[in-house]
Amino acid sequence: SGFRKGRSTIDNLLALETDIRLSFLQRKHLVAIFFDIEKAYDRTWRYGILKDLYDLGLRGNLPIFIRNFLQLRKFRVKVESEFSDFFIQEEGVPQGSVLSVTLFILKINAILKQLPTSVRGYLYVDDLYKKCTGRQHINNLSAKAVSVTYCSLMTPALLRA
4 SGFRKGRSTI DNLLALETDI RLSFLQRKHL VAIFFDIEKA YDRTWRYGIL KDLYDLGLRG
64 NLPIFIRNFL QLRKFRVKVE SEFSDFFIQE EGVPQGSVLS VTLFILKINA ILKQLPTSVR
124 GYLYVDDLYK KCTGRQHINN LSAKAVSVTY CSLMTPALLR A
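What follows is the structure, encoded as structure tokens:
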């Protein structure tokens with residue numbers, strides 16, 4: 004719900020409260036897992052973004068522009084009046100760009116599409132809440148939640164690290 008018109012930080016809290024109340028009324032177990040994906044922008048898989056754009060049917064100049072936008076990004080750090088050497092940003096999306104926000108949202112939304120039907124997920128930028136109810140689904144959530152989250156967003160190289 005982050006960065007989306009008509010949504011706010013409260014949406015996911017209300018979803019959690021509703022889930023707790025419904026589970027209590029239905030006398031079902033509720034398991035919820037919360038993630039804050041550390042350095043999510045810096046770790047977002049660029050090739051995965053381009054693949055998602057292709058899967059959405061985007062062809063031609065726009066994907067080429069986005070690929071060029073993501074490639075060969077350089078940055079340096081300034082401390083007081085001193086600058087560091089330049090570093091190449093090998094993965095991730097540049098922070099501070101409107102296009103980066105859109106590309107990050109595109110990639111992170113893939114997490115929700117990969118959840119089993121028994122598991123619901125809610126996003127707020129890089130914060131994720133996954134839940135399921137009922138005993139039969141609890142092991143399913145806990146076993147797959149972490150792997151689905153990181154495999155959807157991160158590069159294969161970062162997953163091996």
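Residue numbers for the sequence shown follow my numbering, beginning at 4 and rising by one.
For glycine and all other residues, C-beta sits at the position ideal for the given N, C-alpha and C.
These numbers come from a predicted model, not from an experiment.
Query: Checking 9 Å against the spacing of the C-beta atoms, do ARG165 and LEU53 come in under that value?; Result: Nothing about residue 165 can be reported from this structure: the residues present for the chain run from 4 to 164 only.
Query: Apart from the five residues on each side of it in sequence, which residues of its chain come closer than 6 Å, Cβ to Cβ, to GLY124?; Result: LEU115, LEU118, LYS133
Query: Alpha carbon to alpha carbon, how far is LYS77 from GLU83? Give it in angstroms, no decimals.; Result: 20 Å
Query: Give the C-beta separation of LEU19 and THR136 to the nearest angstrom, bearing in mind that I take them to be a contact with Cβ-Cβ under 8 Å.; Result: Not confirmed; about 12 Å, so no contact.
Query: Buried or exposed, going by whether 16 or more other CB atoms sit within 10 Å of the CB of ARG30?; Result: exposed
Query: Which residues in the same chain have their Cβ closer than 8 Å to the Cβ of PHE86, if we skip the five residues on either side of it in sequence?; Result: ARG79, VAL80
Query: How long is the line joining the alpha carbons of ILE13 and VAL104, rounded to whole angstroms?; Result: 20 Å
Query: Have a look at the DSSP bridge pairing and note the partners of THR136.; Result: LEU33
Query: Is it buried or exposed for ILE111, if we count other Cβ within 10 angstroms and need 16 for buried?; Result: buried
Query: Which of the three DSSP states, helix, strand or coil, is assigned to GLU85?; Result: strand
Query: Identify every run of the alpha helix (DSSP H) within the region 12–62, keeping only runs that are complete inside it and at least 4 residues long; order them along the chain.; Result: 13–28, 43–46, 49–58
Query: Touch check for the region 92–108 and the region 38–52: three-plus C-beta pairs under 8 Å?; Result: yes
Query: Do VAL128 and ALA43 have their CB atoms nearer than 9 Å?; Result: yes
Query: For the alpha helix (DSSP H) that contains ARG70, what are its first and last residues?; Result: 64–73
Query: Go through its chain and collect everything with a Cβ distance to LEU16's Cβ below 6 Å, but skip five positions before and after it.; Result: none
Query: Classify LEU118 as helix, strand or coil using the three-state DSSP reduction.; Result: coil
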